[in-house]
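Scroll down for the structure; my scribbles are underneath it.
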Amino acid sequence: MNIQWNAKDYTQNFSFVHQYGNDLLALIDGEGLSVLDLGCGNGALTHRLQQAGYEAEGMDASPEQLEAARLSWPELTFRLGDAADFQVDRSYDVVFSNAVLHWIDEARQDDMLRCVNRALKPGGQFIFELGGRGNNALIHGALEQSFAHRGLAYQRPFYFPSVGQYASRLERAGFRVTYAVLFDRPTPLNGADGLYDWLRMFIKTPFEQMDQGEQEDILRETVRALEGALYREGVWYSDYVRLRCRAVKEREPEGQEKPAH
């Protein structure tokens, strides 16, 4: 999924994305390890990893986000790369990823896991969190209804797996799963138009090829439909469900040989 990001708006209004990622650091076993922050965005978590004593580098597919990262943290290394199709010239102790993997199409998930495996040293750790089964179910359900009212099909643009589904993928890709949990995390959104702004930032591909007027009508209708469920005491919420995992590299991925550099 190729998204053009407004890096400034993302940093100013959606900082909770990387702030929640701070909890993931506790899953890293060891000190002073080399870490690749996969899908690093604006680099805030890469910097946090560096502050925690890790040798951290970032990788992202968005030139806009990487430009912001390099401006904020010029002392760190940031690479342009596709999470499902990358090679690196070194091996890492840890690949770390927060709120990124659900953006990767299901058909490319196994490719991504093979890339991660190859980037890790033997016994290396893959620490990550993504949207899990049921994530934003109310929001996507309301969008689906708004599309249907206009005779349109709403294609949910994310991959939200269960624990069992993702553990199986990890094992096929050469990992041993040592920790996996699926949990609800209702998340407050910033501002009086918090849900509308969230929709504009994160739900892009279903609106491609649609004129602005129809987009606006659908967004406003969706917000009205969700007010009773997601607006409480003057604050909008998103109905997040997260899947958090730690996996250890045991072997090379099934059916794949490590390419020579």
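For the sequence shown, counting from 1, position 215 maps to 1395 in the working numbering; every step adds exactly one.
Beta carbons: idealized from backbone N, C-alpha and C, even for Gly.
In this structure L1410 is in contact with L1318, their Cβ atoms being roughly 6 angstroms apart against a cut-off of 8 angstroms. Along the length of the region 1365-1389, whole alpha helix (DSSP H) runs at least 4 residues long occupy 1374-1382, reported in chain order. Taking C-beta separations shorter than 7 angstroms and ignoring five residues to either side along the sequence, the partners of E1211 in its chain run G1233, following chain order.
Assignment of S1277 by DSSP, reduced to helix, strand and coil, places it in the strand class. Counting along the chain, G1408 sits inside the alpha helix (DSSP H) bounded by residues 1392-1410.
Contact annotation: M1292 and A1249 have beta-carbon atoms that are not nearer than 7 angstroms. In terms of CA proximity to F1382, L1399 leads the group V1415, L1399, D1391, A1372.
With a contact defined as Cβ atoms closer than 8 angstroms, L1379 and W1416 miss out at about 10 angstroms. The beta carbon of A1347 lies closer than 7 angstroms to those of V1357, A1360 in the same chain, with the five residues before and after it left out. Here L1205 is not near T1226, since their CB atoms are 7 angstroms or more apart. In this structure, V1421 places its C-beta atom within 7 angstroms of the C-beta atom of G1314. By the 16-neighbour rule on beta-carbons within 10 angstroms, A1372 is exposed. Our two residues, D1265 and E1413, have alpha carbons roughly 44 angstroms apart in a direct line.
Non-local C-beta neighbours of G1321 in its own chain, meaning closer than 8 angstroms and more than five positions away in sequence, are absent. Boundaries cannot be given for E1286, as no alpha helix (DSSP H) includes it and DSSP labels it neither H nor E.
With a cutoff of 7 angstroms on beta-carbon distance, L1323 and V1343 are scored as not near each other.
Around the C-beta of D1240, 16 or more other C-beta atoms lie within 10 Å, and the residue is accordingly described as buried.
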